[in-house]
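What follows is a short report on a single structure.
Number of protein chains: 4
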Amino acid sequence: MIILLKDKVNENQVKNLTNWLEGIGFGLHISKGQNHTIIGLIGDTSRVDMDLIASLDIVETVKRIQEPFKSANRKFHEDDSVIDCGGVKIGGGNFQIIAGPCSVESEEQIVGVAQAVKASGAGMLRGGAFKPRTSPYAFQGLHEKGLELLSEAKRVTGLPIVTEIMEANHLPLFEDVDVIQVGARNMQNFELLKELGQTRKTILLKRGLANTLEELLMSAEYIMAGGNNNVILCERGIRTFETYTRNTLDLSAIPVLRRLTHLPVVVDPSHGTGHAYLVKSMAMAATVAGADGLIIEVHNDPPHALCDGKQSLTPEQFDELAKGIQNVLPFAVR
Amino acid sequence: MIILLKDKVNENQVKNLTNWLEGIGFGLHISKGQNHTIIGLIGDTSRVDMDLIASLDIVETVKRIQEPFKSANRKFHEDDSVIDCGGVKIGGGNFQIIAGPCSVESEEQIVGVAQAVKASGAGMLRGGAFKPRTSPYAFQGLHEKGLELLSEAKRVTGLPIVTEIMEANHLPLFEDVDVIQVGARNMQNFELLKELGQTRKTILLKRGLANTLEELLMSAEYIMAGGNNNVILCERGIRTFETYTRNTLDLSAIPVLRRLTHLPVVVDPSHGTGHAYLVKSMAMAATVAGADGLIIEVHNDPPHALCDGKQSLTPEQFDELAKGIQNVLPFAVR
Amino acid sequence: MIILLKDKVNENQVKNLTNWLEGIGFGLHISKGQNHTIIGLIGDTSRVDMDLIASLDIVETVKRIQEPFKSANRKFHEDDSVIDCGGVKIGGGNFQIIAGPCSVESEEQIVGVAQAVKASGAGMLRGGAFKPRTSPYAFQGLHEKGLELLSEAKRVTGLPIVTEIMEANHLPLFEDVDVIQVGARNMQNFELLKELGQTRKTILLKRGLANTLEELLMSAEYIMAGGNNNVILCERGIRTFETYTRNTLDLSAIPVLRRLTHLPVVVDPSHGTGHAYLVKSMAMAATVAGADGLIIEVHNDPPHALCDGKQSLTPEQFDELAKGIQNVLPFAVR
Amino acid sequence: MIILLKDKVNENQVKNLTNWLEGIGFGLHISKGQNHTIIGLIGDTSRVDMDLIASLDIVETVKRIQEPFKSANRKFHEDDSVIDCGGVKIGGGNFQIIAGPCSVESEEQIVGVAQAVKASGAGMLRGGAFKPRTSPYAFQGLHEKGLELLSEAKRVTGLPIVTEIMEANHLPLFEDVDVIQVGARNMQNFELLKELGQTRKTILLKRGLANTLEELLMSAEYIMAGGNNNVILCERGIRTFETYTRNTLDLSAIPVLRRLTHLPVVVDPSHGTGHAYLVKSMAMAATVAGADGLIIEVHNDPPHALCDGKQSLTPEQFDELAKGIQNVLPFAVR
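Protein chains in written order, with the working numbering: chain A, 1 to 334; chain B, 335 to 668; chain C, 669 to 1002; chain D, 1003 to 1336.
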């Protein structure tokens, strides 16, 4: 971290600052120029509150050289993390497709979809039981009943299950869940992240709608700071001015994240685009760009889905997509 | 709500849709054009899942005519709501300045600031005890101890207190708090909103960093749907590409919200700009534009604030600001 | 186009509107509901000023059913357009890589790069002679001299040349240029677009930094309205809040545009990401997603490039990229 | 400017860089830390291509200390610039309201509006003759005829006239125009800016829809670099995700620009919000925030305006607004 002081600062104030920095354990490298004094901090600056320093009266700007995340940082963990998801591995060359409906609606629906996607090669089953909806009047999911139906589908097919949590108090209900998803709107629900850090469950952390990749990594850091290193990152589209798509899928997030972190990166082209006709091309592009996995919405009857039917594939479309993925996976850039 | 069907749809499918809509209680007005069929819904469409209808195979687009929020809607509640905040009123011509430090740091600090801002005319005291921070390694607030110090400052000065909640489980600690703030990052933490809807506490709901005003009103609706109508809305700046300011304060939100809703609207120019030198001009502009109140960060020693010192005013600067507000308040556009 | 009138409008005003609409040649389909009157326009609404109608006192909203672009619309031209670029074809299954330096710097540089990229399979040569730069003090290109050097490289290698125009007055200098590029900042320089519509040159139109795909198509429409149908669209990244990349490359633009228009779509992963290490993965992803071509920055000595060296590949890196493209091209989703 | 070099760089490469920097006239202050070497540049860095240096292989990052604009910079020109507009002054305490219709439509219209707004206190008349429109099929203005009608209105009322230019070739037609406007979409049409820099006309430069204030100032710098210092800056709303307003008016731009530059700053609340009902509150807020002037759309018959009627005030509404401005002008924060 480099601290650039303002012109003509009081020597006493500088002394106060340097004493304080040394007091909290940093080595300092001070360089006085004609107009500006620069202080370089030597030590672990990920634990420093950069905003606090930037706000000091005598400081012009502060610039990080190291990234502010540490447990998630590839610099301190060169190899890809391989994360266990109820017996299925992801990361480090293990590519997985997670498929299933937006919402769990009935036993027939969820078991039927689970069997279909398994037959096409999906490695995990997704399905929402607790649904974050903009309107309090919209369908909010089957809750406990939905989790039970997911367990039933897991019992029948053997597929590990992935589903979203919206509140730490619900954790006891998620015992049979293999991968707990944190949705985009909760990416910076720090209290929830802290609680998940206290578990050893695998967490699928989705990027917020207007969040940077550094903020995504800092949220992963919240979970890992509690001792839970089982984190999967998910790009699911960001908010832009474009209207033909629901969100803009940021596929460059894949190689950027792969450089910055050892955690697996999966892509959700269903939410990321909002339209079934865009899912296959974006899924294949994500695979070639080096993703560790995909999350795909599949519904046995998209027009009658209780949520997000517009972006769901039929089992037949999913089967075709899964075959396409196999064609390009050998050429993925990693 | 108007539903526009696609060209050449199957008559049976249309029948299915109209039967279903009538079954859930809507009157229908159907108009067949040369190419397109249009269905108008008559009834309370705020309780309809617009996305679900839009996702049907036979539907081209759906357009709301009514707003999707109801309890917050001025159409059904013409007069400004006047909200009680521990004995102090806001809204309907009652203008309030809420002032205080970003974080509660010590008894001396919070009581000192409270006395100073009261003397200058502030009607409420703000101060953070639970702080949402991007990094798990940054200062997160004094927690319970912070709430106790706020209570002490309230006891000494009589000012009602405003402070942020980050998790519903903490509610028992907030008994002595007069106004509970929901921060920008939790604006769509729907489970928290639902829990707050079960209380009768006054809630100050901040707009999310990349959220629309309709989304803000839908989040207010979550609280009100639980029966708690004591909601104050807060514009605190949105994320844009501009870098000279921390956020972009959207002052047009004031007259837009005042037209759409009867709830009071306050503005936070401190977070909204991120720089002390911008606070006075934006506070005065917000007042003239018709805001019901302001939230201003004031710290007795900004350069040593543990958080957001860059944007805090000194008590002297706040006093000058408060005088400026009095000058323009009579000319506010309302 | 559907016009929704406000509640309780004056019958005379409605009559005025319908007379005017019929007068300019539309058939009307009018439907009166309990509260709302809806007017459907029958005819070519791409030539109607939607904003003008929306601004009328009696109009609640206007909704297009048809897209506002016509010449570029795939509905009226089902087959892919195949565009000639100095003897090389693009579109309709003809995939092309356009490669070369950001700026033309010297004969040795441009001829050297041209020979290298041709050997690796590039179909066209790019290089900037007129450079749009944010600062008036930055290097602005070699201008006429740069165009001469491009012609020399074309003479030596036979590669058609692609270069940017910034002002219609420069057109006479572009006689030997095969494809004239309109940069992102000029996407809505409508006077320039009109002038280019008067030529029969092939135009490569880049999407603006914060423009929607509909706006891009409307700008193409400006060129085509003048009679010049030789237009290639280019996705080159949009401005978002992300900072690890210079822009956010929107690869979903490929399948969206391919559905909306018959014009070829190329992708620029060099400007779209701003970093050489991201170019290969994004180029391969764009290919799989169905792009008709790529634009790649290649420089013989990236660290000494006078512009954008950070994102340029070496000829060796480009050769590897070109081989990767061949691997995945057969699996492209189209 | 501070250049931070990467870890373990080759001494020869550093030598090359420092020699080059000294060769182009900079004094250097070099500081070697344990891991990092920092080079401080002494001299006029506004003329340095920061991107070029950042792209060098051995450079980690580059940080400006000085702003990249010079002629527009308040540091080198402490006093407010006072700009002449056909005899009317703006800036340095001279507050002006520019009012008139979006488009010039007829002599009766433009002269009538001119007389009305003059009577209410407007200092200049605006009206569009060349209109930038997204669609080539929308009304594009009366062109030469429109300019003639503006001159006629000027002759009758004595009000200086403000109107938009879209192409440098049209300059001869603008001889009688007092203030030439550059629209948001042309803010980075650098060739046009350079041509305007060669004139001594007063230029009203509007901020682009997704541009930062630094980019706006760099575009002003293009004009001033040619020797034309008669530049007025205009905030007219930026593109955000909000949909209740057409754009988001960034009023914090006023105090930010007033700190950074000596040029006058005016605000356009009509385009900035897109709705007549928002204009008065935003105009008054802009005034209190310290703007040097306002641009307000006024039309004698808004519902029949050929363009942007939705956001136009009637002469009566404008008169009321002008009175409101007088009430708050004495309290403006400057």
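A virtual CB, placed ideally from N, CA and C, is assigned to each residue, including glycine.
Inset, instruction - Tell me, to the nearest whole angstrom, how far the beta carbon of residue 904/C is from that of residue 940/C; I am working on the premise that it is less than 8 Å. - result: 5 Å
Legend entry - residue 255/A and residue 950/C closer than 9 Å at C-beta: yes
Inset, instruction - Flag residue 79/A as yes if its beta-carbon sits less than 9 Å from any beta-carbon of chain C, otherwise no. - result: no
Legend entry - Under 8 Å (Cβ pairs) to chain D, residues found in the segment 268 to 283 of chain A: none
Legend entry - Local conformation of residue 459/B per DSSP, three classes: strand
Inset, instruction - Identify each residue in the segment 704 to 721 of chain C for which the Cβ-Cβ distance to at least one residue of chain D is less than 9 Å, and report them in chain order. - result: 714, 715, 716, 717, 718, 719, 720
Legend entry - Chain-ordered neighbours of residue 1246/D on chain B, where CB pairs are closer than 8 Å: 546, 547, 548, 590, 594
Inset, instruction - Could you tell me which chain D residues have their CB closer than 9 Å to the CB of residue 572/B, listed as they occur along the chain? - result: 1242, 1243, 1244, 1250
Legend entry - Rounded C-alpha distance that separates residue 746/C from residue 881/C: 19 Å
Inset, instruction - Using a threshold of 9 Å, state whether the C-beta atoms of residue 1105/D and residue 1141/D are closer than that. - result: yes
Legend entry - Residue span of the beta strand (DSSP E) that contains residue 767/C, given as start and end: 764 to 768
Inset, instruction - Measure the alpha-carbon distance for residue 690/C versus residue 681/C and round it to whole angstroms. - result: 14 Å
Inset, instruction - Answer yes or no: does any C-beta atom of chain C fall closer than 9 Å to that of residue 336/B? - result: yes
Inset, instruction - Give, in chain order, every residue of the segment 466 to 498 of chain B whose Cβ lies closer than 9 Å to some Cβ of chain A. - result: 466, 467, 468, 469, 470, 471, 472, 473, 474
Legend entry - 4 or more residues per run - each alpha helix (DSSP H) lying fully within the segment 781 to 832 of chain C: 812 to 825
Inset, instruction - Measure the C-alpha to C-alpha separation of residue 874/C and residue 926/C and round it to an integer number of angstroms. - result: 16 Å
Legend entry - Span of the beta strand (DSSP E) around residue 40/A: 37 to 42
Inset, instruction - From the DSSP output, read off the bridge partner residues of residue 313/A. - result: 298/A
Inset, instruction - Return the chain-ordered list of same chain residues with a C-beta closer than 6 Å to the C-beta of residue 510/B, the five sequence neighbours on each side being excluded. - result: 485
Legend entry - Beta-carbon contacts of residue 480/B that lie in its chain and below 8 Å, excluding the five residues immediately before and after: 437, 438, 461, 462, 463, 464, 497
Legend entry - Own chain, CB closer than 7 Å to residue 733/C, minus 5 neighbours either side, in chain order: 669, 670
Legend entry - For residue 915/C and residue 909/C, the rounded distance between their alpha carbons: 9 Å
Legend entry - the segment 1194 to 1210 of chain D contacting the segment 500 to 515 of chain B, beta-carbon criterion three pairs below 8 Å: no
Legend entry - N- and C-terminal bounds of the alpha helix (DSSP H) containing residue 922/C: 921 to 928
Legend entry - Contacting residues, own chain, Cβ-Cβ under 7 Å from residue 1114/D (five flanking each side not counted): 1302
Inset, instruction - Between the Cα of residue 839/C and those of 822/C, 812/C, 913/C, 981/C, spot the shortest distance and give me the residue it belongs to. - result: 812/C
Legend entry - Beta-carbon separation (whole angstroms), residue 1006/D vs residue 1063/D, contact threshold 8 Å: 5 Å
Legend entry - Any C-beta of chain A under 9 Å from that of residue 992/C: yes
Legend entry - residue 765/C and residue 931/C closer than 9 Å at C-beta: no
Inset, instruction - May I ask which residues mark the beginning and end of the alpha helix (DSSP H) holding residue 606/B? - result: 603 to 607
Legend entry - residue 536/B versus 518/B, 521/B, 544/B, 558/B, residue with shortest Cα-Cα distance: 558/B
Inset, instruction - Quick one: using the 10 Å Cβ neighbour count with 16 as the cut-off for buried, is residue 1331/D buried or exposed? - result: exposed
Inset, instruction - Establish whether the CB of residue 98/A and some CB of chain D are separated by less than 9 Å. - result: no
Inset, instruction - Let me know if residue 1187/D comes out buried or exposed under the rule of 16 or more other beta-carbons within 10 Å of its beta-carbon. - result: buried
Legend entry - Whether residue 456/B touches residue 665/B by CB criterion (9 Å): no
Legend entry - Unbroken alpha helix (DSSP H) run spanning residue 1053/D, endpoints: 1052 to 1056
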